[in-house]
Amino acid sequence: MKSSEHRTPVHEERDSMTIGALAERFGLATHVLRHWEAMGLLTPARDAAGRRRFGTADLTRVAVILRAKEAGLSLDTIRSLAATTDPARRRDMLREEAQALRSRIAAAQASLELIECALGCDHEDFTQCAHFRQMVAERIGTDATVHIPV
1 MKSSEHRTPV
11 HEERDSMTIG
21 ALAERFGLAT
31 HVLRHWEAMG
41 LLTPARDAAG
51 RRRFGTADLT
61 RVAVILRAKE
71 AGLSLDTIRS
81 LAATTDPARR
91 RDMLREEAQA
101 LRSRIAAAQA
111 SLELIECALG
121 CDHEDFTQCA
131 HFRQMVAERI
141 GTDATVHIPV
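Now the structure itself:
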């Protein structure tokens, strides 16, 4: 059944909210909720006039989507996780995401170490520091002397 064909019973309309009310509740723009609907992440009911009506399940779904995005998951991954009913497949997907997150954390940690090294360097110009030059040489992949233009 298309979402445009899914009508909300009159008694449920009192307990549902408009797209604007739902967006405001989470500090989102309405186009974000429309995009999530287009991606299949949300399937709001429609009232007799065809307007979207969001209920408690939709409220929960938006909270789950936002939390998953905060965890670094893409909308495609969130959709895949929601679509599968196989708990083992969900765990596999989450293991893959956890490994990708570990890689991003390691890269961010290395970046922070580089910045902190430059900030803590005794040289007035950290580009003249032997340690900095060594890190650049390692990045280049050579033992040659590094000449850094100033």
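Counted from 1, the sequence shown has number 62 at position 62 by my numbering; the numbering is strictly sequential.
Think of the CB as a built atom: it goes at the ideal place given N, C-alpha and C, for glycine as much as any other residue.
Kindly list the residues whose CB is nearer than 7 Å to the CB of residue i, restricted to its own chain and excluding five residues on each side of it in sequence; keep chain order.
i             : result
alanine 68    : Ile78
arginine 89   : none
glutamate 113 : none
Can you list, in chain order, the residues of its chain whose CB lies under 8 Å from that of residue i, leaving out five sequence neighbours each side?
i            : result
glycine 20   : Thr30
arginine 91  : none
arginine 104 : Gly72
leucine 41   : Arg61, Ile65, Leu75, Ile78, Arg79 and Ala82
Could you check the C-alpha separation between residue i and residue j for me, to the nearest Å?
i             : j              : result
arginine 133  : serine 111     : 15 Å
threonine 127 : methionine 135 : 11 Å
proline 87    : leucine 94     : 10 Å
tryptophan 36 : serine 16      : 18 Å
threonine 85  : alanine 107    : 33 Å
arginine 46   : leucine 101    : 38 Å
alanine 38    : valine 32      : 10 Å
For residue i and residue j, which I take to be in contact (beta-carbon distance under 8 Å), what is that distance rounded to the nearest angstrom?
i            : j             : result
valine 62    : leucine 22    : 7 Å
cysteine 117 : histidine 123 : With a Cβ gap of about 11 Å, cysteine 117 and histidine 123 do not count as contacting.
Within 10 angstroms of the Cβ of residue i, are there 16 or more other Cβ atoms? Answer buried if so, exposed if not.
i            : result
aspartate 58 : buried
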